[in-house]
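Contents: one structure, followed by commentary.
Residue numbers (our numbering), protein chains in the order written: chain A, 1 to 318; chain B, 1 to 505; chain C, 1 to 265.
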């Protein structure tokens, strides 16, 4: 992803700038990874379409901003405007996620293991191509940087350690959303039901838990977070496009695995780690082959820590 | 689809008036639900025909087609289709037989194509003859299959899927940026892989001193020969110990391992064997197009081949061949708006005729559809003449304004004038989204509500089609693949020809 | 009895899942042609012992000797090929394969034809195919009429529950083991079928020549056919001996019925 700051090379200034950039990218991965980790935890399904839900979220944000006159004649100040965009993207994605679950995954609850995966692949491709159909393939710009608000994107800070308010905002919102999600999963009734379903759906349903509803809530929350990540991507990196979800989804799923599937803090940690790793690879190692190097690292991650840094090996009953 | 079960009268035929339990169990195969209707009949007829005969008919038709027509486009589609068939057969080994979700399959195809291009082209000035380069390509692709499948030793299911998808991304990254690598003394301007423009001027196949420059006809035969050999060899493998072990692995890896089956080795073998086929297909691709390009070997192609395998029925060799042919022919038809329009309406009509029973419902829906459209047209026309003034013809293919079909459509459809441009807020976009919503809603309601809802859904679908989709072939084609995958998984995971599987009883 | 090496010997086997000690210092041996029953309340670690023997799980410490040779750390399929076969408590048949295919698939380790030979149907591949086909029919024939005739070509999921259990045993014997591990073969069966299974296990030893380690909850079955019984509780061996000795052992009674019942006895 493009960077907003201008650097000197090979010095502490560069290092910190890269670190902050990495954490920003990583925060976005982390938000997407939360959706993966929740869905995988509850349904044991790799929801390939999740990355594309994130992409749709970015587009919803874009159209809401446009509809309110952005960037030339905004009908309200930036902050409420962004909040409206966030709310719309999160709601829209939540609805989308629930719809996907209801129509593409629920009929396959008892199908062979490979069936929902292929269905997910189909949904992913369908969403991607729908976006191309509706909004064309060429990328679009959020234009939150170029007009009015450039100061938010300018680095501030002390000596070598510099960051922009937008980066700070994204990293902090990720932390806040993660904490809110943790609170939900650990303290509320639905959250507890969610954890029960993730351990044993059948037993949970016999204990009077409405499994369908829990799965619906899981998709709702995960997709809403992806929608937020989509808008944040637009704000931070300006460019969005129908194909943005694919790579981000892959990396975010790996983040969820690295953090230990089903583990909320782990997913965020994994997301930050992969974001920083990616930025450093581009900045220090190679830009042309950054994907090659990054994915090699991810393959190794998957191979040797497939239970994740914070995950627990699950005992399989024979 | 239980209505296909024989009625009791049929079952207690004249020869066996009393059927004991054993007899009943023995005949259970006959009662297993298969696809119904005309298609089901075709499946049953095909099921009774010897496989080798079906294969001969298929290959024979594909090979004779170039002799029957001089239409280069048709022969080109024939060659492409056979390449897809080859790819589908290869993918079927890992996905259908061994039950591994290998999403890196395209890597082997691309690797085969690139390796052939390196060995037999002006790129390195090697120009190896076909009989040397093709075996080397296949051997190295099999080897690559083994290497890339190594992670599968540790990973199962979804994790394997994601890691193999990483390989696909890595391969794309490598081929697109490989122009910076001057390995083995590659030309500095194009490097190892030629970068985004790929490698050009790849040699055609040369067989027995005869260069197959007369593409595509010659490559129809090259691919057909490959399919024949591979289909026969794979049929034998499927019937032997390895095929059985693959199925055991698909059913239950843990039990398979406890029964002395080296599961990890068989996973490698399944991926590598499929990779070999993809490698050969890659070489044919390189020779046929006389060039290899990185954009070919990407995610959309993977989805295409999966759609083929899934549609036909993963695990059934005949099924995946059928799937590959069907999907590719449909994709080609969708490419031209004139053909696509016919297919669209024909598919809707056939679907209605096949699915709507009793005939009263069918008549009501069809009548309602006509009335709804005409009424909408009249109302819109009364409000604003512009709303129905749009041309029926959009895009590059010009339609006559007065043709019979055009006249029908113009009186049935609202065609807003001058709004077909690629804008965010064009009516076709809204209609498309609304159609999807209505189709999803259709699956939720039953009985008369469904029939009632069917009318606006179909009309809206036609509206989205006429004002937008018909002209967006490059996007509608992949969209169609996504729909195939989702609909098949939800309705019939076994595909059209696959055996329905029982998971847990 | 000659001091021959026992066919299977477990030495100080330990395994813990998380903090839970599933098997704790288990010593055990099985002699040639013996039927040994492993009993114990639910969660005593019986199936874990089977998983350890078959290589599905790895012990934290201890050793497993098959005919005096350690099989520790071998992959499950290697252990199977060395002569240990098992059935599963929760039935793990290859459901969508035919009955005969289930049994033929289990002979993978006893065939050698390479994939090229199979592709070209060379003589060795064809010969082996004939051999395992005949062997599979023989193994299925062990169950009388139950798994014969038309049933060969039916998918395994079409079988009744009892027949699935039989097929699992047939599949296990098709791997040509010396030692058969049966995990609750009579679970979920009616009394008649249970009785039949008990007879069958005796027949497996007498006619088939297998040594058998049996996990069973049905004490009637255990009593009828066991040469020796080993009782486990919380992963610890609490008693060993003939059925009468074990059944009257106060620690076994306590394990099954609780402390109070044991005290009043």
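Yeah, the Cβ is synthetic: ideal placement off N, Cα and C, and Gly gets one too.
Checklist entry - What in chain B is Cβ-close to residue 129/A, meaning under 7 Å? => result Using a Cβ-Cβ cut-off of 7 Å, residue 129/A is close to 475, 478, 479, 482 of chain B, given in chain order.
Checklist entry - What residues from the segment 170 to 191 of chain B come within 8 Å of chain A, judged by C-beta to C-beta, listed N to C? => result Result list: 170, 172, 173, 174, 177, 180.
Item to check | For residue 258/A and residue 185/B, the rounded distance between their alpha carbons | outcome: Rounded to the nearest angstrom, the two C-alpha atoms are 40 Å apart.
Checklist entry - What does residue 138/B touch in chain A if you count any residue whose Cβ is under 8 Å from its own? => result Per Cβ cutoff of 8 Å: no residues; residue 138/B is ~25 Å from chain A at best.
Next on the checklist: Tell me the rounded alpha-carbon separation between residue 116/B and residue 150/C.
Outcome noted: 51 Å
Item to check | Range covered by the beta strand (DSSP E) that runs through residue 61/C | outcome: 61 to 66
Item to check | CA-to-CA distance, residue 193/C to residue 326/B, given in whole angstroms | outcome: 51 Å
Item to check | 7 Å Cβ cut-off: residues of chain A touching residue 109/B | outcome: By Cβ distance, chain A contributes nothing, its closest Cβ being about 18 Å from residue 109/B, past 7 Å.
Checklist entry - Which partner residues of residue 451/B appear in the DSSP bridge assignment? => result Paired residue(s): none; residue 451/B is not in a bridge.
Next on the checklist: Do residue 46/A and residue 102/B have their beta-carbon atoms positioned less than 7 Å apart in this structure?
Outcome noted: In this structure, residue 46/A does not lie closer than 7 Å to residue 102/B by Cβ.
Checklist entry - Along the chain, which unbroken stretches of the alpha helix (DSSP H) at least 4 residues long are found entirely within the segment 27 to 97 of chain A? => result 50 to 67
Next on the checklist: Any C-beta of chain B within less than 7 Å: which residues of the segment 173 to 207 of chain C qualify?
Outcome noted: For chain B, the residues of the segment 173 to 207 of chain C that bring a beta carbon within less than 7 Å of one of its beta carbons are 175, in chain order.
Item to check | Boundaries of the alpha helix (DSSP H) in which residue 102/C is found, first to last residue | outcome: 99 to 105
Checklist entry - Listing by chain order, which chain B residues have their CB less than 7 Å from the CB of residue 290/C? => result This structure does not reach residue 290/C, given that chain C is present from 1 up to 265, and the question cannot be answered.
Next on the checklist: Please give me, in chain order, every unbroken run of the alpha helix (DSSP H) with length at least 4 that falls completely inside the segment 267 to 338 of chain B.
Outcome noted: The qualifying runs are 299 to 312, 317 to 335.
Next on the checklist: For a cutoff of 7 Å on Cβ pairs, would you count residue 58/A as touching chain B?
Outcome noted: False, the Cβ-Cβ gap to chain B never drops below 7 Å.
Item to check | Spatial neighbours of residue 317/A in its chain, beta-carbon cut-off 8 Å, leaving aside the 5 residues before and after | outcome: Note that residue 317/A scores 48 on pLDDT, short of 50, meaning its location in the model is unreliable; the coordinates nonetheless yield the value given after this. Correct list: empty, nothing qualifies.
Next on the checklist: I need the DSSP call for residue 502/B, collapsed to helix, strand or coil.
Outcome noted: Reduced to three states, the DSSP call for residue 502/B is coil.
Item to check | Range covered by the alpha helix (DSSP H) that runs through residue 479/B | outcome: Its alpha helix (DSSP H) spans residues 473 to 491.
Checklist entry - Alpha carbon to alpha carbon, what distance is there between residue 271/B and residue 398/B? => result Legend: pLDDT at residue 398/B = 46, less than 50; position of this residue unreliable, value from coordinates given subsequently. So the alpha carbons of these two residues sit roughly 48 Å apart.
Item to check | residue 171/B versus residue 125/A: straight-line alpha-carbon distance, rounded | outcome: Cα-Cα distance, rounded: 20 Å.
Next on the checklist: Taking beta-carbon pairs under 8 Å, can you tell me which members of the segment 167 to 193 of chain A lie near chain B?
Outcome noted: none
Item to check | Residue span of the beta strand (DSSP E) that contains residue 24/C, given as start and end | outcome: 20 to 30
Next on the checklist: Please confirm whether residue 395/B has its beta-carbon closer than 7 Å to some beta-carbon of chain A.
Outcome noted: Since pLDDT at residue 395/B reaches only 43, below the 50 mark, its modelled position is unreliable, and the value read off the structure follows with that caveat. Chain A contact via Cβ: absent.
Checklist entry - Would a C-beta distance cut-off of 7 Å place residue 149/B and residue 254/B closer than the cut-off? => result no
Checklist entry - For residue 115/C, does the three-state DSSP call read helix, strand or coil? => result helix
Checklist entry - Can you give the Cα-Cα distance for residue 123/B and residue 199/B, rounded to whole angstroms? => result Distance between the alpha carbons of residue 123/B and residue 199/B: 7 Å.
Next on the checklist: So residue 61/A and residue 89/A are supposed to be a Cβ contact under 8 Å. How far apart are they, rounded?
Outcome noted: 4 Å
Checklist entry - What residues of chain B sit near residue 88/C, judged by a beta carbon separation below 7 Å? => result The contacting residues are 255.
Checklist entry - If you compare alpha carbons, which of 109/B, 297/B, 178/B, 95/B is closest to residue 287/A? => result Measuring C-alpha to C-alpha distances from residue 287/A to each of 109/B, 297/B, 178/B, 95/B identifies 178/B as the nearest.
Next on the checklist: Counting C-beta neighbours from all protein chains within 10 Å, is the total for residue 394/B 16 or more, i.e. buried, or is it exposed?
Outcome noted: Bear in mind that the predicted position of residue 394/B carries a pLDDT of just 47, short of 50, making it too unreliable to give a figure here.
Checklist entry - Are there three or more Cβ pairs, one per stretch, closer than 8 Å when the segment 95 to 114 of chain B is compared with the segment 343 to 354 of chain B? => result no
Checklist entry - How many whole angstroms separate the CB atoms of residue 54/A and residue 248/A, which I take to be in contact at a CB cut-off of 8 Å? => result 6 Å
Item to check | beta strand (DSSP E) segment containing residue 7/C, residue limits | outcome: Run containing residue 7/C: none; DSSP gives neither H nor E here.
Checklist entry - In or out: residue 230/A buried (at least 16 other Cβ within 10 Å) or exposed? => result buried
Checklist entry - How is the beta strand (DSSP E) around residue 158/A delimited, first residue to last? => result 156 to 158
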